[in-house]
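Novice: Below you'll find the structure I mean.
Number of protein chains: 2
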Amino acid sequence: MTVAAVDPRRTAELGRRLRVDVVRAAAAAGSGHPTSSMSAADLMAVLLGGHLRYDVDRPDHPGADRLVLSKGHASPLLYAALKAAGAIDDEELLTFRKEGSRLEGHPTPMLPWVDVATGSLGQGPAIGVGMALAGKRLAHLPYRVWVLCGDSELAEGAVWEAFEHAGYEHLANLTVIVDVNRLGQRGPTRHGWDLDAYARRARAFGWHTVEVDGHDTAAVEAAYTAAEEVTDRPTAVLARTVKGSGVAAVANREGMHGKPLPDPDAAIAELGGTGDEVRVELPAPPPAADPPRGSASHPALPLYDAGDEVSTRDAYGQALAALGAVRPDVVALDGEVGDSTRTELFAKEHPERYFECYIAEQQLVAAAVGMQACGWTPFAATFAAFLTRAHDFVRMAAVSRASLNLVGSHAGVAIGEDGPSQMGLEDLAMFRAVHGSTVLHPCDANQAARLVAAMAADDLTGVRYLRTMRGARPVLYGPDEDFPIGGSRLLRAAAGDDVTIAAAGATVHEALAAADLLAAAGVGARVLDLYSVKPVDAAAVRAAAEQTGRVLTVEDHRPEGGLGDAVAEVFADGRPVPRLARLAVRTMPGSATETQQLAAAGIDAAAITAAARDLVAADRARTA
Amino acid sequence: MTVAAVDPRRTAELGRRLRVDVVRAAAAAGSGHPTSSMSAADLMAVLLGGHLRYDVDRPDHPGADRLVLSKGHASPLLYAALKAAGAIDDEELLTFRKEGSRLEGHPTPMLPWVDVATGSLGQGPAIGVGMALAGKRLAHLPYRVWVLCGDSELAEGAVWEAFEHAGYEHLANLTVIVDVNRLGQRGPTRHGWDLDAYARRARAFGWHTVEVDGHDTAAVEAAYTAAEEVTDRPTAVLARTVKGSGVAAVANREGMHGKPLPDPDAAIAELGGTGDEVRVELPAPPPAADPPRGSASHPALPLYDAGDEVSTRDAYGQALAALGAVRPDVVALDGEVGDSTRTELFAKEHPERYFECYIAEQQLVAAAVGMQACGWTPFAATFAAFLTRAHDFVRMAAVSRASLNLVGSHAGVAIGEDGPSQMGLEDLAMFRAVHGSTVLHPCDANQAARLVAAMAADDLTGVRYLRTMRGARPVLYGPDEDFPIGGSRLLRAAAGDDVTIAAAGATVHEALAAADLLAAAGVGARVLDLYSVKPVDAAAVRAAAEQTGRVLTVEDHRPEGGLGDAVAEVFADGRPVPRLARLAVRTMPGSATETQQLAAAGIDAAAITAAARDLVAADRARTA
């Protein structure tokens, strides 16, 4: 049979059938979250039965509605729905959670019908905001974003960042459906079935709300229709549901989270049996154009003269503005510090593609994730230190196979007086550990500008991170030099050098000064600018190590996880290893000037000079 | 003159004088945030003028009110207040933001009157919840927690996690004062002076609200009194203020954020001049006992028999429950996954010291930070993956010199079918990069239990992180063995060993199996259990390296920032380095069984065996 739209009896039958498949998939897997899926089965059935405009044969249709399963553990429900819509077959459904299956424990874009991975709760609404902003303000398309949430996850602050943002932006194209089944993983939620507790909160943030019995398909139908008819604000559909609904052995019972049903055959019988396959025809999305792509012409990047003092954050803002002029897909977001990060330079040139996210870094990154899922190329910036606030979103962006650019300014102790709360000192560790990431830390304005353009290259995937500095530094490179991702630059080298100083960002300038001091003391030091921290230029590091026998790394970052580790990893290849030493920020800084900070942290030219001399002398003494 | 309590004219005079000192401090520093301080000066003056029960000579008084300056950039206001209260003198005030000064750009506990560092916005309310919970539910003391917020920071989701938690717990001892000056860093806030926008949100979360003119000291006095009189819910005082109030050149003007006043002398004159010093006498806190301290007796830790299969998360829960029986200062918190992390075992034994934080990891960590500031010893647990949600709070906990224990369960790909969203694969990198942190990853139940006890030792400082595993593993160690922090265990060693396999957690078991396979192939492998990832046992690593010449690290974690980096850092000391190789999770996992996951990630016994053989063979070939 085929389910026609907006017939409550038929959507109820679809809901029943989705439950059957949920039970079957979890039984086949021997694990999974069937009860959390069953509570939302009718909510999903009504969505499929006439509201979700989607073409399973063309999942990247730009005009299609977006569905984000924020309660990612209810993946069996999504997979059952995909089967009902004809996207997958029954055989694949029963591969759930098995090695090699696309039907993972929590949904990921390994399935083409999944835009973003979920499973870390409370992320769906925030990502949905990004998708809805893209529809309303960038693509000007009438698609709707549907986010299916659990009730437990509304405790996450990221959900309220999203409600705030969506309410303020009047995102009428965003609907959050909350499956209020009153039971979390380990027991009852804070608010149980008090739908009004959630509704009060949502309304306070400017949302329209509808409270509904989530198993009354006619009422759910009316609720979705109401959401579609509201034109000035987003809607939260708060649905009272029963966890494990339809099977008495598990329905509304504690201790049944995340387990297959105890007797699946009895449960299927209780649900009315498998019966005929149910196939649903989704309404087709309206015709729509793909998002714009970049022109082939190169951006007119800013050019800086050697010796001028320019900060890399200035270069970022200027380069991004230039990039935006030739790349209509490039958008910028900032966390209310655009005057500091210099995103404001883009905002002034391209206000229609700038998104102010205020002080809500999770929403900042989530919006970027949502926009890239809709075909845009986002750059999202705040202080490097504050990107830690969004670490879980960055981690999940990698699981989502998202392609986006993040920019952290105010790197390291070099920011000066503001003190440690504002210093990005752990950001390299955070971003290096993200799967598939690219981590860039330019020392120079021309380098920074080139890297901004490189970050937007079509062939780049994953999370790209650019670390910029507050303070101005002399321009070292010419405006026409190339800085490929994965490359490095040897700034100083001579035959017979005694030691390699590997640096990035501020410490490149300190290393150059140290090399002068060392030369005066009879020590030959080469200076390697590792602006590409990940992937690091292993060949250049290895070559410098072989030629000098000693490598000193120096970074304005904690000793763990940053440049020193990146260089050390080059030598984890079983081949001979040079003598290594490492300078990094091992103290807890206070307030001081930039010069004082670099000295106190032991990463300035004097400290590098001393460490390089020690490294050379100790090694010579040993081999003498 | 001395300001008496509750006289609005006198508190207005104090507010004026605080502004003068704010202007002077920022002028002396040449930087800082005077305008953000001036908007809140009257709010602070009224607080000092009769409400804040505090003894500056005894900042650790257990009965004293707590004041958290959530808008940490308004530090000059706090320092001016400390001067007015007699805590610091004028000479010190003028050291603001200078090297070596305790008066940092943002407040830190380098000043004894500061309990927690601020400057990453939106953290104060969440930490205040922890302090208020400690007062209400642990210490049973009538102290009040006052949190002074900016309006911009209310965009942070962490604030709404706090409002949710405090409202639900009816924390009438918590007052959040919001300095609504309508201007953020780069321009107007979302809601400007719409106090009711904030009030609606706070009331929806169960708070009492008072809207007030923040420069009418009589009205502010009445608002604070109202907050003190509400007994069933927390209060938000929403105060309309003027940024830079009192000085026309900056008052309510954009572009004046984070800058000293253009003409400080004129500003001081406009404010009425310096005049006499103003000294305020704070009301004394009521007598109160210190929090309980641990008894000298050792906990009756659980004991596990060699060969039994026990998970380290089970050992954590059981050991923590045992620890709680002898340590009344130990408290536990969990993010609604206590059945998974096993915190539930503590909760059952010591319900009065258990705090359910629901799915709100920022609030989870912040509550622990607040509790430790009040003298308690918290253990806060969730999945390792989800602690990334609280990264910024962990980072700031280090700046706060906080002493607390965090526990992350479900480490690595070994969790099996649930997939990458639930896998802690970046947690070692995150926690190793935290200044002063301790990072522990036991492989065995007896080891885990001992380490739980060690984490609560009185002489330990900083953030301690315990990484536990989902799956059961054979018990390797006897119940009476000691596992000091910073130690390691050599599980297998013989003279003439060819290679050292350094592992932790699940990979220790794989390494032991690999050592058997290698022995059969004529390769002698020693197995080093580096359960203390930070500090790592450098002496043992160095000794093993010198004896075997080759070190292979293997970890259930990303290649960056974890065990491989910890071992590499040992060799960044200028001395000779062995041949190194590294196994880690370089793929994006899907769903699969535990065994399949370890194999697919290339960190199981077979992969270790192959890598060790390659390392030995390549090196032998080179030296042959």
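Going line by line, the protein sequences match chains A and B.
Heads up, the first sequence is in our numbering, so the first residue is 1 and it goes up one at a time.
Heads up, the second sequence is in our numbering, so the first residue is 625 and it goes up one at a time.
Don't be surprised by glycine CBs; every beta carbon is placed ideally from N, CA and C.
In chain order, what residues of the same chain lie with their CB nearer than 7 Å to the CB of E153(A), ignoring the 5 residues before and after it?
Specialist: Same-chain partners within the cutoff: S70, K71, L121, G122, V159.
Novice: By the 10 Å Cβ neighbour count, where 16 or more other Cβ atoms means buried, how is V3(A) classified, buried or exposed?
Specialist: Any answer about V3(A) is weak, because its pLDDT of 46 lies below 50 and its placement is not dependable; what the coordinates show is given next. Under this definition V3(A) is a buried residue.
Novice: Name, please, each residue of chain B whose Cβ falls closer than 8 Å to the Cβ of I359(A).
Specialist: The contacting residues are L745, G746, S776, E777, A779, E780, G808.
Novice: With the cut-off set at 8 Å, would you say V278(A) and V237(A) are in Cβ contact?
Specialist: Contact flag unset, no.
Novice: Residues of chain A with CB closer than 8 Å to the CB of T921(B), please, in chain order.
Specialist: The sequence shown places Ser at residue 921(B), rather than the Thr named in the question. Under the 8 Å cutoff, chain A gives no residues; its nearest Cβ is about 31 Å from S921(B).
Novice: Which of helix, strand or coil does DSSP assign to N405(A)?
Specialist: Three-state result, N405(A): strand.
Novice: Using a Cβ-Cβ cut-off of 8 Å (strictly less than) and excluding sequence neighbours within five positions of A606(A), which residues of its own chain qualify?
Specialist: Hits under 8 Å: A514, L517, A599.
Novice: Around the Cβ of T1211(B), are there at least 16 other Cβ atoms within 10 angstroms (buried) or fewer (exposed)?
Specialist: Exposed: under 16 other Cβ atoms inside 10 Å.
Novice: Please list the partners that L615(A) has in chain B, where partner means a Cβ-to-Cβ separation under 8 Å.
Specialist: By Cβ distance, chain B contributes G1198.
Novice: By the 7 Å beta-carbon criterion, what residues does the region 393-419 of chain A contribute toward chain B?
Specialist: Against chain B - using a Cβ distance shorter than 7 Å - the residues of the region 393-419 of chain A are R395, M396, V399, E417, D418, G419.
Novice: Give every residue of the same chain whose Cβ lies closer than 7 Å to the Cβ of P736(B), excluding the five residues on either side of it in the sequence, and list them in chain order.
Specialist: The residues are P683.
Novice: Can you list the residues of chain B that T593(A) reaches, using a CB-CB cut of under 9 Å?
Specialist: Those are K722, E723, listed as they occur along chain B.
Novice: Considering only the alpha carbon of each residue, which of D573(A), M38(A), L615(A), L490(A) lies closest to A249(A)?
Specialist: Ranking the options by Cα distance to A249(A), first place goes to M38(A).
Novice: Alpha carbon to alpha carbon, how far is A332(A) from P351(A)? Give it in angstroms, no decimals.
Specialist: In a straight line, the C-alpha of P351(A) is about 9 Å away from that of A332(A).
Novice: If you measure beta-carbon to beta-carbon, which residues of the region 784-802 of chain B are closer than 9 Å to chain A?
Specialist: Listed by position along the chain: W784, E785, A786, F787, E788, H789, Y792.
Novice: State the Cα-Cα distance for the pair M625(B) and R810(B), rounded to the nearest angstrom.
Specialist: Because M625(B) sits at a pLDDT of 43, beneath the cut-off of 50, its placement in the model cannot be relied upon, and the following sentence gives the value as read from the coordinates. One C-alpha to the other measures close to 39 Å.
Novice: Spatial neighbours of E344(A) within its chain, please: CB distance less than 8 Å, with the 5 preceding and 5 following residues excluded, ordered by chain position.
Specialist: So the qualifying residues of the chain are G317, D334, G338.
Novice: Just the chain A side, please: which residues come within less than 8 Å of E1193(B) by C-beta, in chain order?
Specialist: Per Cβ cutoff of 8 Å: P559, E560, G564, D565, A568, R582.
Novice: Residue ranges of each alpha helix (DSSP H) run of no fewer than 4 residues wholly in the region 512-557 of chain A, ordered along the chain?
Specialist: DSSP runs (the alpha helix (DSSP H)) wholly in the region 512-557 of chain A: 538-548.
Novice: How is the alpha helix (DSSP H) around R1056(B) delimited, first residue to last?
Specialist: Run containing R1056(B): 1051-1056, per the alpha helix (DSSP H) assignment.
Novice: Does the beta carbon of D60(A) sit closer than 8 Å to a beta carbon anywhere in chain B?
Specialist: With 8 Å as the cut-off, D60(A) does not count as an interface residue toward chain B.
Novice: Distance cutoff 8 Å, beta carbons only. Does T274(A) sit that close to anything in chain B?
Specialist: So no, T274(A) is outside the interface.
Novice: Under a three-way DSSP split, which group does E13(A) fall into?
Specialist: E13(A) falls in the helix class under three-state DSSP.
Novice: Name the residues in the region 668-698 of chain B whose C-beta lies less than 9 Å from a C-beta of chain A; which are they?
Specialist: Cβ contacts with chain A: G696, H697.
Novice: Count the other CB atoms within 10 Å of the CB of G1120(B); is the residue buried (16 or more) or exposed (fewer)?
Specialist: Flag for G1120(B) reads exposed.
Novice: Starting from T659(B), find everything on chain A with Cβ-Cβ shorter than 9 Å and list it in chain order.
Specialist: Neighbours of T659(B) on chain A: none; closest Cβ ~15 Å, over 9 Å.
Novice: Measuring alpha carbon to alpha carbon, tell me which residue in T595(A), D556(A), H140(A), Y198(A) is nearest A289(A).
Specialist: Cα-wise, what sits closest to A289(A) is H140(A).
Novice: Taking only beta-carbon positions, decide if Q362(A) is within less than 8 Å of chain B.
Specialist: Cβ-Cβ to chain B under 8 Å: yes for Q362(A).
Novice: Could one say the Cβ of E281(A) lies closer than 8 Å to chain B's Cβ atoms, at least one of them?
Specialist: Chain B contact via Cβ: absent.
Novice: Just to confirm before moving on: does the CB-CB distance between V1099(B) and V1058(B) stay below 8 Å?
Specialist: For V1099(B) and V1058(B), no; Cβs fall outside 8 Å.
Novice: Closest Cβ-Cβ distance between P125(A) and chain B: below 8 Å?
Specialist: It does not; no Cβ of chain B falls within 8 Å.
Novice: Please classify T635(B) as buried or exposed, where buried requires at least 16 neighbouring CB atoms within 10 angstroms.
Specialist: It counts as buried.
Novice: Rounded to whole angstroms, what's the CA-CA distance from D604(A) to V904(B)? Just pull it up for me.
Specialist: The straight-line gap from Cα to Cα measures roughly 44 Å.
Novice: In whole angstroms, give me the CA-to-CA distance for L819(B) and R825(B).
Specialist: Roughly 10 Å separates the two Cα atoms.
Novice: By Cβ distance, which residues of its chain are closer than 6 Å to D1106(B), with the 5 residues on each side in sequence left out?
Specialist: Correct list: empty, nothing qualifies.
Novice: Would you mind sorting P260(A) into buried or exposed? The rule is 16 or more other CB atoms within 10 Å of its CB.
Specialist: Classification for P260(A): buried.
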